[in-house]
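Shown next, in structure tokens, is the structure this report addresses.
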Amino acid sequence: AAAALAAVEYASMALVSMVFRRADLTPVPEGSGFLVPPVDGHTIKAATFASRKWGWIGAAAPDLFVIRTSVGRFGEEAELKRDDEGLVEVSLRALGEAVGLRARPVATRVTRWTGGLPQYPVGHPDRVARVREGLAGMPSLRLCGAAYDGVGIPACIASAHGAAGAVLDTLARSAGKDGGQ
Numbered sequence: 021a022a023a024a025l026a027a028v029e030y031a032s033m034a035l036v037s038m039v040f041r042r043a044d045l046t047p048v049p050e051g052s053g054f055l056v057p058p059v060d061g062h063t064i065k066a067a068t069f070a071s072r073k074w075g076w077i078g079a080a081a082p083d084l085f086v087i088r089t090s091v092g093r094f095g096e097e098a099e100l101k102r103d104d105e106g107l108v109e110v111s112l113r114a115l116g117e118a119v120g121l122r123a124r125p126v127a128t129r130v131t132r133w134t135g136g137l138p139q140y141p142v143g144h145p146d147r148v149a150r151v152r153e154g155l156a157g158m159p160s161l162r163l164c165g166a167a168y169d170g171v172g173i174p175a176c177i178a179s180a181h182g183a184a185g186a187v188l189d190t191l192a193r194s195a196g197k198d199g200g201q
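For what it's worth, the working numbering labels the leading residue of the sequence shown as 21, then goes sequentially.
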């Protein structure tokens, strides 16, 4: 199991969060964002219009608009050597090309995740299944997280709930066998 887990490769990435005055955006971007395929040759791989995607962000600051871009792909991490301002500028340029954004942000934050994005090659679900089968003899040990069941927050939460539930079931069965002692 350890060798299979060690074979999971990871990409580094940066999230570039930018806050704009809504009044400066003409037009305000539509939708919840977009993905950028690697064949397009752009530095950003995604943009999320956070104020639209998550209503609570838009409601908390109706005069502002939050956009987040993602930079860094597996095997293409040289762009991450840019300083924070450089990543902001690359993101702004890409947003200008994609949605006509011309405004300047009033606040920015760059968050870097070194080795934080697991890569799923063909056969990854089978590898995870084999690892879990290899751990079957240790019923109180479960795997959860982005490296196994999906990289999104909902997938990680579901993975954690599943693992916690399985461990609780194991503990309950164990307590039942020994009378709770």
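Even glycine gets a Cβ: it sits at the ideal position worked out from N, Cα and C. Predicted, not measured: the structure shown is a model, and the values here were computed from it.
Pairwise C-alpha distance: residue j and residue i
i	j	result
A149	S32	25 Å
V56	I173	20 Å
L107	V36	7 Å
A43	D189	54 Å
P125	E109	10 Å
K73	F54	11 Å
A80	P49	18 Å
A26	S179	19 Å
G143	A175	19 Å
D60	V28	26 Å
H181	V187	10 Å
A195	R152	23 Å
K197	G78	52 Å
Among the options, the one whose alpha carbon lies nearest that of residue i
i	options	result
T128	P145, E105, S71 and L161	E105
G75	V86, V91, L115 and A118	V86
Q139	L45, S160, K73 and A167	A167
R132	A27, A34, A26 and V28	A34
D103	V130, G61, L163 and G165	V130
S52	L84, F69, V142 and H181	F69
R113	A186, L84, H62 and P58	H62
Reduced DSSP category for residue i - H, G, I as helix; E, B as strand; rest coil
i	result
L107	helix
T63	coil
A22	helix
W74	coil
P138	strand
S37	strand
V126	coil
V148	helix
Residue i and residue j closer than 8 Å at C-beta
i	j	result
I64	V39	no
R147	A24	yes
A66	T46	no
S160	L191	yes
L163	A183	yes
G135	Y30	yes
L100	R41	no
(message) Taking contact to mean 3 or more Cβ pairs, one atom from each stretch, closer than 8 Å, check whether the region 112-130 and the region 93-100 are in contact.
(response) no
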